[in-house]
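Q:
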Amino acid sequence: LQSQDNVLLKSEGGDGILAWDDIQHFVVVPNYKEDIDTLREALDTVVSSPIALKQITIVLAMEAREPGVEQKTEALKAEYGPRCRKVLATYHPPNLPGELAGKSSNTKW
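Here's what the structure looks like:
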């Protein structure tokens with residue numbers, strides 16, 4: 116149950132109440148060879164939220180084997196970092212045993 120004022124949480128130790136402003140949201144954006152403008156379109160929507168600066172962290176789930184991935188990541192971090200709480204990036208390593216490369220693997224990683 117949530118409202119603008121409080122969020123009720125059930126835990127093993129009983130019920131607790133957190134202020135809405137204390138809740139942090141993580142938006143995971145898995146991608147592999149996505150055009151940077153496509154990613155910008157998605158991220159523009161995220162940072163348009165009135166809670167973006169204080170409560171939303173963007174996680175870029177990148178594929179390490181993508182050519183130019185570091186430059187794309189740094190560009191997005193520079194552009195969107197000031198518009199949300201934080202921008203983090205993970206890099207799914209190549210050639211993990213029993214795993215296929217792609218967006219789904221980046222989400223799981």
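Sequential numbering from 116 applies to the sequence shown in the numbering used here.
Just so it is clear, CB atoms sit at the ideal spot from N, CA and C, and this is done for glycine as well.
It should be emphasised that the depicted structure is a prediction, and the values quoted were computed from it without experimental measurement.
(1) Relative to the alpha-carbon of residue 146, which residue among 170, 205 and 213 has its alpha-carbon at the smallest distance?
(2) Considering Cα atoms alone, identify which of 191, 186, 176 and 164 is closest to residue 208.
(3) Does the ligand ZN have even one heavy atom less than 6 Å from the beta-carbon of residue 179?
(4) In whole angstroms, what separates the C-alpha of residue 169 from that of residue 214?
(5) For the beta strand (DSSP E) holding residue 178, just list the boundary residues, first then last.
(6) What three-state label does DSSP hand residue 145 in the structure shown?
(7) Take residue 117 and list the residues in its own chain whose beta-carbon comes closer than 6 Å to its own, dropping the five residues that flank it on each side.
A: Result, derived from the coordinates:
(1) Of 170, 205 and 213, the residue nearest in Cα terms is 205.
(2) 176
(3) Ligands are entirely absent from the displayed structure, and the ligand ZN is therefore not among its contents.
(4) 36 Å
(5) 171–178
(6) strand
(7) No answer about residue 117 holds up, because its pLDDT of 44 lies below 50 and its placement is not dependable.
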